[in-house]
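Encoded as structure tokens, the structure appears first; notes follow it.
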Amino acid sequence: MILRWSLRSQLLAWVLLCTTTVAVIFVGLIWREQRSFELMREQGNGLVLELVRDGLQQRGSALASQLSNAVANPLYFLDLDRIGEYTRNTGQQSDVTYVLVADAQGRIVHDGSRDIARFGEALDDFAQDSGVRTSSAARSNAVTLQWSQGVLHVTAPVLLGEQIIGRVRIGLSMEEGQRTAQAWGATVEAGLSRTRVSHVRWLLLGLGLITLFGLIGLFFLRRNVLKPIRALAQAASAVEVGRYIEARGLEARNDEIGDLSRVFSRMADSVERHEREIRRIAYTDPLTGLGNRLSLGESLESRLLTLQASSGELALMFIDLDDIKRVNDTLGHHAGDELLVDVALRIRQACADADVDAVELARFGGDEFVVLFPGQSVRERAVSLAERLLVAIATPMNLNERALIVSASIGITVFPDDAASAAQMVKNADMAMYQAKAAGKGCYRFYSRALDEEVERRVRLERDLRGAWDRGEMSLAFQPVFDLIDGRAVGAEALLRWEHPELGLVPPSIFIGIAEDSGLVEALGERVLELAMRAASTWTSASGGRPPFVAINVSPRQLSRGDLPEVVERALLRSGLDAHRVHLELTETAILRDEAQATAAFTRLRAKGVGVWLDDFGTGFSGLSHLRRVPVDGVKIDRSFITDLLRDPNDLALTTGVIAMARSLGVTVVAEGIENEGQHDLLRERGCPMGQGFFLSRPLPGDEVGRLFG
Ligand code: C2E
Ligand code: MG
Ligand code: MG
874 MILRWSLRSQ LLAWVLLCTT TVAVIFVGLI WREQRSFELM REQGNGLVLE LVRDGLQQRG
934 SALASQLSNA VANPLYFLDL DRIGEYTRNT GQQSDVTYVL VADAQGRIVH DGSRDIARFG
994 EALDDFAQDS GVRTSSAARS NAVTLQWSQG VLHVTAPVLL GEQIIGRVRI GLSMEEGQRT
1054 AQAWGATVEA GLSRTRVSHV RWLLLGLGLI TLFGLIGLFF LRRNVLKPIR ALAQAASAVE
1114 VGRYIEARGL EARNDEIGDL SRVFSRMADS VERHEREIRR IAYTDPLTGL GNRLSLGESL
1174 ESRLLTLQAS SGELALMFID LDDIKRVNDT LGHHAGDELL VDVALRIRQA CADADVDAVE
1234 LARFGGDEFV VLFPGQSVRE RAVSLAERLL VAIATPMNLN ERALIVSASI GITVFPDDAA
1294 SAAQMVKNAD MAMYQAKAAG KGCYRFYSRA LDEEVERRVR LERDLRGAWD RGEMSLAFQP
1354 VFDLIDGRAV GAEALLRWEH PELGLVPPSI FIGIAEDSGL VEALGERVLE LAMRAASTWT
1414 SASGGRPPFV AINVSPRQLS RGDLPEVVER ALLRSGLDAH RVHLELTETA ILRDEAQATA
1474 AFTRLRAKGV GVWLDDFGTG FSGLSHLRRV PVDGVKIDRS FITDLLRDPN DLALTTGVIA
1534 MARSLGVTVV AEGIENEGQH DLLRERGCPM GQGFFLSRPL PGDEVGRLFG
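With this note's numbering, letter number 587 in the sequence shown gets 1460, and the count goes up by one each step, no holes.
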């Protein structure tokens, strides 16, 4: 962990350092002062003692001289009484410890006592403080001063004229002098300690004041700088997580910190505005003004979170427009956008009219819209809303002065019945929408678990289909088409095959639908065109008759893209096949979607020599009259009519009618799905010129079919 060296700690440390330094200096000063006091006391004591000694010596000298003068005569006359009197008088002085008077020979004559106890003793010398025993004082003619064990011994000669007739010696004690020195020392000590105490007091006061000022400074710093900075830091953190309101509550102050706070508040406002704008841009679909995938995701998550706590329901509807790509391809993207805006408005209006509250709309992808609404018994409401939506969307709209009808497929899922998570709900609704598409489009489906598998299979197939061609899983089979009169193979229909690595052969009825829904069919179709043409370019007619043709199935989406003639031309160029040997098979529905466009494309193709055949004829056409308006070269009667040809008179009538009408229009006819001889013969009898079916030949691999013509 990295220790944080906060500003506050730094300041505190600084104050502590200052106080400690000052305290150390103060203690040093006090210590020095103490040392000076001690020195002063020691020297003072020495000086006082010196003075006391000097005083004592002077006094001793004076006393001894006085006494020697006084006892000169009595000593001469050996008047012991008088000598005793003087001696005692002197001995009465408080600091005099003894008085001795000796004769010229140094023998004690008097010691001041009544019985003169020491009479006759030698006035000996004594150990001085130096420890040297000397008799110099006892012999000296001058006044001698000697110190021994704190006593001053003053010896003075007693003179009569010039002659020394004896000596006096007085012992003076230092005790009193020492007492005086001690008293002086005590007085000085008391004075010094008073001064010291006062100094310490002042120093402590100074130190206290420094600490106090430091703390006061710290307090103000904390209140006026650190606290606002911390508040700013907190506000910055709040802004960081989007709580802008907290950046407004900063203290209004009239100083630099106040300036900083104001600038910060303004900055937070600006950030908030920007974020709001960014959110608006990020969460809104620019085309329709509805929410987008992001906003829906967030709101779905939060709604689910709220609902998990309560017990409400939530419906999610996935609305996918059917074949919107066709509008883009034929009328341009601008028209497609207009259509989406119109549809968004219709959805909005339908939701407003319906019995749902708190509804949320979003555009989920290109042509996918999502409606989200909570409530009780949302299933029933979803039904009525879905019906309303289907009607609203299917109402004809005017686009580029053309009346256009679009339909939508709606998938509905309900929380908590179907799923608990947002991702699962979206997936469910998507699956349900797929179901609606599979059920014929223009309808709604509720999600149901049973349908999961089917839809999942479809999703998986779509995923696998994407790379199938490049992985070499796709190939072409060719079903020969026969001339029913002479029984010769005149051409073949190219049929796409997908060998899935795990599932095996997937029927075109399944994967072509998936390819169409996912937009894969355009690329796939282009490759089929080229491959089929390349295969056909190797076929030759042995009898020297017309060279065999190849019939290629074209998806309605390939037609509605608008560039079919170019795509076909490119394939012709690459394969080198004669255009007259190619027939394109298109279903009626492809033509019905946009008759004008189909007519234009067919005209161009036919001008190049490419034939156009109507596939699965009879299954969806509202009337045979359409045949007159659309320029085609042939029709393929759908297998469903051929199957019951022998049993159902209606089918026979229709087949016969188609053959007759085609002939009158100069259009050729191919019967599909001839499975038995009866069908074959009947068709031949009714004048059907061409036919194909298992009875004649099953679809064959590319290399085998060529031999049929040889
Ligand atoms: P279609 O164009 O009507 O093709 C004829 C279908 O009928 C073929 O099915 C063929 O195998 C089958 N058939 C032929 N004779 C008989 C018969 O006697 N009895 C029965 N029961 N069926 C017979 P297939 O190959 O499964 O193709 C199905 C559909 O897939 C085709 O119908 C066509 O619409 C589509 N398709 C196939 N290949 C392509 C392709 O390359 N592009 C496009 N866009 N569609 C294709
Ligand atoms: Mg066909
Ligand atoms: Mg067909």
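All C-beta atoms in this analysis are idealised placements derived from N, C-alpha and C, irrespective of residue type, glycine included. The model shown is predicted, which means the values in this text are computed figures rather than measured ones.
For residue 1288, count neighbouring Cβ atoms within 10 angstroms of its own Cβ and tell me buried if that reaches 16, exposed if not.
-> Here residue 1288 refers to the residue found at position 415 of the sequence shown. Label assigned to residue 1288: buried.
Opposing strand residues paired with residue 1460 [DSSP bridges] | For the purposes of this step, residue 1460 is taken as the residue at position 587 of the sequence shown. BP columns for residue 1460 point to 1488.
Using alpha carbons as the reference points, say which of 953, 1347, 1025, 1133 lies closest to residue 987.
-> Start at 1 with the first residue of the sequence shown, and residue 987 comes out as number 114. When only C-alpha atoms are compared, the closest one is 953.
Which one of 1186, 1463, 1206 has the shortest CA to CA distance from residue 1173?
-> As a first step, residue 1173 is located in the sequence shown; it is residue number 300 there, counting from the start. Nearest option by C-alpha distance: 1186.
Verify whether the separation of the beta carbon atoms of residue 1193 and residue 1304 is less than 7 Å.
-> Within the sequence shown, the letter at position 320 stands for residue 1193. Within the sequence shown, the letter at position 431 stands for residue 1304. Their beta carbons are not under 7 Å apart, which means residue 1193 does not touch residue 1304 by this criterion.
The beta strand (DSSP E) spanning residue 1572 covers which residue range?
-> If you number the sequence shown from 1, residue 1572 lands on position 699. Element bounds for residue 1572: n/a, residue is neither H nor E.
Going by CA-CA distance only, name the one from 1354, 1483, 1411 that's closest to residue 1438.
-> On the sequence shown, position 565 is the one that residue 1438 refers to. Selected option, being the one with the closest Cα: 1483.
Three-way DSSP call (helix, strand, coil) for residue 1358 in this model | For this step, residue 1358 is matched to residue 485 along the sequence shown. In this structure, residue 1358 counts as coil in the three-state DSSP scheme.
Residue 932 lies in the alpha helix (DSSP H); which residues open and close that run?
-> By one-based count along the sequence shown, residue 932 stands at place 59. Residue 932 -> alpha helix (DSSP H) spans 880-949.
DSSP-derived helix/strand/coil call for residue 1367 | Here residue 1367 refers to the residue found at position 494 of the sequence shown. Here residue 1367 sits in strand by DSSP.
Flag this pair as touching only if the stretch 1015-1032 and the stretch 896-916 have three or more C-beta atom pairs under 8 Å; answer yes or no.
-> no
In terms of residues, what are the limits of the alpha helix (DSSP H) holding residue 1131?
-> Within the sequence shown, residue 1131 is the residue found at index 258, counting from 1. Where residue 1131 is concerned, the enclosing alpha helix (DSSP H) stretches over 1129-1156.
Close-in-space but distant-in-sequence residues of the same chain around residue 991 (CB under 6 Å, 5 per side omitted) | If you number the sequence shown from 1, residue 991 lands on position 118. Within the same chain, residue 991 has close Cβ partners 981, 984.
Could you check how far apart the C-beta atoms of residue 1350 and residue 1401 are, in whole angstroms? I think they sit under 8 Å.
-> Reading the sequence shown from its first residue, position 477 is the one you call residue 1350. Reading the sequence shown from its first residue, position 528 is the one you call residue 1401. Their Cβ separation, rounded to whole angstroms, is 11 Å, which puts residue 1350 and residue 1401 out of contact at 8 Å.
Got a sec: does ligand 2 put a non-hydrogen atom nearer than 6 Å to the Cβ of residue 1506?
-> As a first step, residue 1506 is located in the sequence shown; it is residue number 633 there, counting from the start. Residue 1506: no, Cβ never under 6 Å from ligand 2.
Short Cβ contact (7 Å threshold) for residue 1286 with residue 1189 = Numbered from 1 along the sequence shown, position 413 holds the residue referred to as residue 1286. Numbered from 1 along the sequence shown, position 316 holds the residue referred to as residue 1189. Yes, Cβ-Cβ distance for residue 1286 and residue 1189 is below 7 Å.
Cβ-based burial, residue 1577 [other Cβ within 10 Å; buried from 16] | Counting from one through the sequence shown, the residue named residue 1577 turns up at place 704. Its Cβ having fewer than 16 others within 10 Å, residue 1577 is exposed.
Residue 1025 vs residue 933 beta-carbon contact at 7 Å = As a working note, residue 1025 is residue 152 in the sequence shown. As a working note, residue 933 is residue 60 in the sequence shown. Their beta carbons are under 7 Å apart, which means residue 1025 touches residue 933 by this criterion.
Exposed unless 16 or more other CB atoms sit within 10 angstroms - verdict on residue 1541 = Walking along the sequence shown from the start, residue 1541 turns up at place 668. Buried.
Cβ-heavy atom distance, residue 1523 to ligand 2, below 6 Å = Stepping through the sequence shown from its first residue, residue 1523 is reached at position 650. No, ligand 2 has no heavy atom inside 6 Å of this Cβ.
Could you pull the start and end residues of the beta strand (DSSP E) that residue 1019 belongs to?
-> Counting from one through the sequence shown, the residue named residue 1019 turns up at place 146. 1017-1021 is the span of the beta strand (DSSP E), which, as asked, contains residue 1019.
Give every residue of the same chain whose Cβ lies closer than 7 Å to the Cβ of residue 1518, excluding the five residues on either side of it in the sequence, and list them in chain order.
-> In the sequence shown, the residue the question calls residue 1518 occupies position 645. Once the five neighbours on either side are set aside, the close Cβ partners of residue 1518 are 1524, 1525, 1528, 1552, 1555.
Taking Cβ positions, are residue 1362 and residue 1581 nearer each other than 7 Å?
-> As a working mapping, residue 1362 is identified with position 489 in the sequence shown. As a working mapping, residue 1581 is identified with position 708 in the sequence shown. Yes, the pair counts as a contact, with Cβ atoms nearer than the cut-off.
Given 8 Å as the limit, is there contact between the stretch 1082-1093 and the stretch 886-901, that is, 3 or more CB pairs closer than that?
-> yes
Tell me residue 1164's beta-bridge partners as DSSP assigns them.
-> Your numbering for residue 1164 matches position 291 in the sequence shown. Answer by DSSP bridge pairing, in chain order: 1157, 1235.
Tell me where the alpha helix (DSSP H) around residue 1264 begins and ends.
-> In the sequence shown, residue 1264 corresponds to position 391, counting from 1. Taken as a continuous stretch (DSSP letters only), the alpha helix (DSSP H) holding residue 1264 covers 1251-1267.
Name the residue from 1098, 1418, 1120 whose alpha carbon lies nearest to the alpha carbon of residue 1127.
-> Here residue 1127 is taken as the residue at index 254 of the sequence shown, counted from 1. When each option's Cα is compared against that of residue 1127, the closest is 1098.
Quick one: what does DSSP say residue 1117 is sitting in, helix, strand or coil?
-> Taking the sequence shown and counting its residues from 1, one reaches residue 1117 at position 244. It is helical.
Is it the case that the Cβ atoms of residue 962 and residue 1058 are separated by a distance below 7 Å?
-> As a position in the sequence shown, residue 962 is number 89, starting the count at 1. As a position in the sequence shown, residue 1058 is number 185, starting the count at 1. No; because the gap between Cβ atoms is not below 7 Å, this pair is not in contact.
Taking the CB atoms as reference points, tell me whether residue 1235 and residue 1180 lie closer together than 7 Å.
-> Start at 1 with the first residue of the sequence shown, and residue 1235 comes out as number 362. Start at 1 with the first residue of the sequence shown, and residue 1180 comes out as number 307. No. Outside cutoff.
Just how far apart, CA to CA, sit residue 1030 and residue 902?
-> On the sequence shown, position 157 is the one that residue 1030 refers to. On the sequence shown, position 29 is the one that residue 902 refers to. So the two alpha carbons sit approximately 57 Å from each other.
Going by alpha carbons, who is nearest to residue 1299 out of 1131, 1146, 1203, 1244?
-> Residue numbering aside, residue 1299 sits at position 426 when the sequence shown is read from its first letter. Considering only alpha carbons, the answer is 1244.
Count the other C-beta atoms from every protein chain shown that fall within 10 angstroms of the C-beta of residue 1456, then say buried if there are 16 or more, exposed otherwise.
-> Taking the sequence shown and counting its residues from 1, the one referred to as residue 1456 is at position 583. With 16 or more Cβ atoms within 10 Å of its Cβ, residue 1456 is classed as buried.
DSSP bridge partner residues for residue 1036 (one or two, in chain order) | As a first step, residue 1036 is located in the sequence shown; it is residue number 163 there, counting from the start. Note: residue 1036 sits in a beta bridge opposite 1033.
Those runs of the alpha helix (DSSP H) which lie wholly inside the stretch 1030-1107 and span at least 4 residues = 1048-1094
Could you check where the alpha helix (DSSP H) with residue 1472 kicks off and where it finishes?
-> By one-based count along the sequence shown, residue 1472 stands at place 599. Unbroken alpha helix (DSSP H) run through residue 1472: 1468-1481.
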